[in-house]
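Asker: Pasting a structure below so you can have a look.
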Ligand code: PXL
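What follows is the structure in structure tokens.
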């Protein structure tokens, strides 16, 4: 039987990140995906590829979740990506209360270029207060880990593990804190912590260039694997393999960054 996963995320028009990435990742892993879009991001080629950002009306976010759940029932797992504004975050928080979804994987996308700095702080606080406590799994990158853990600097694996524990202590059962290549280990390194097990997840780095959509792919692959019944640690290991394949087989275009492509994983 095909399992169903839902992504609540932003659209990113070039197809490298956001909801488009989530759907491709779900599909590649054999999971039926549906989406509730929270915002529309269009990179601006005339302005250093900055993010043009348009939020979706909160009532329309609610309608999309209602429609997807009405058609397919409760998703086996739910991924939450970019939310973008306090109003959007409130709408998603209310939906989480209404539906009591199992297996909520939160990629805590904090800052989007092109947003006003003042708005970003409100957004960070709303995400931390309203959505983070309702997540089963969260996958912050290094910057998001620092912000959510409330620590200034993370330059070692021990400091990353400590920060993951601090986020876990805020009520998130499973934290996957991602350093990627940024600790200079020559690997792409993340810390998994579930309150008992602390694991360093490490794969050889595929270069150090930032490839758009790697974080979305990781969280979407974790969501798909959990939806199929995998334990979270196994899901995280598989997800890292999916990200490696998606970077190795990336889509090159005319922007200064490449886009992940999941379509070769497992072939
Ligand atoms: O990769 C973070 C991200 C998530 N969601 C949307 C995005 C981006 C980055 O561009 O546009 C919609």
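Numbering (my numbering), first residue to last: 2 to 268. Glycine included, each C-beta is placed from N, C-alpha and C at the ideal position.
1. Label residue 72 either buried or exposed according to how many other C-beta atoms from any shown protein chain fall within 10 Å of its C-beta, with 16 as the threshold for buried.
2. Would you call the segment 103 to 112 in contact with the segment 136 to 153, where contact means no fewer than 3 C-beta pairs closer than 8 Å?
3. Please check the pair residue 4 and residue 229, which I expect to be a contact at CB under 8 Å, by giving their CB distance rounded to whole angstroms.
4. Take residue 259 as the anchor and find which of 218, 211, 221, 237 has the nearest alpha-carbon.
5. If you check the beta carbons only, do residue 266 and residue 29 fall under 9 Å apart?
6. Is residue 53 buried or exposed, if buried means 16 or more other CB atoms sit within 10 Å of its CB?
7. Contact between the segment 8 to 20 and the segment 208 to 222: three or more CB pairs below 8 Å?
8. My assumption, with CB atoms under 8 Å, is that residue 77 sits in contact with residue 6. Please give the rounded CB distance.
9. Taking a contact to mean a Cβ-Cβ separation below 9 Å, would you say residue 92 touches residue 59 in this structure?
10. Residues in its own chain within less than 6 Å of residue 42 by CB, not counting five upstream and five downstream?
11. Just list the beta strand (DSSP E) runs in the segment 161 to 227, keeping only unbroken ones of 3 residues or longer that don't cross its boundaries, in chain order.
12. Taking the C-alpha atoms as reference points, what is the distance between residue 185 and residue 100?
13. Alpha carbon to alpha carbon, what distance is there between residue 197 and residue 36?
14. Helix or strand or just coil, what does DSSP make of residue 12?
15. Pull up the distance between the alpha-carbon of residue 38 and that of residue 125, whole angstroms please.
16. In angstroms with no decimal places, state the Cα-to-Cα distance between residue 243 and residue 231.
17. Give the C-beta separation of residue 180 and residue 149 to the nearest angstrom, bearing in mind that I take them to be a contact with Cβ-Cβ under 8 Å.
18. Taking the straight line between their C-alpha atoms, what separation do you get for residue 239 and residue 226?
19. What residues are listed by DSSP as bridge partners for residue 245?
Answerer: Let me lay it out:
1. exposed
2. yes
3. 6 Å
4. 211
5. yes
6. exposed
7. yes
8. 6 Å
9. yes
10. 11, 13, 52, 54
11. 175 to 181, 188 to 194, 199 to 205
12. 42 Å
13. 33 Å
14. strand
15. 19 Å
16. 15 Å
17. The pair is not a contact, with the Cβ atoms about 14 Å apart (cut-off 8 Å).
18. 8 Å
19. For residue 245, which the question treats as bridged, DSSP gives no partner whatsoever.
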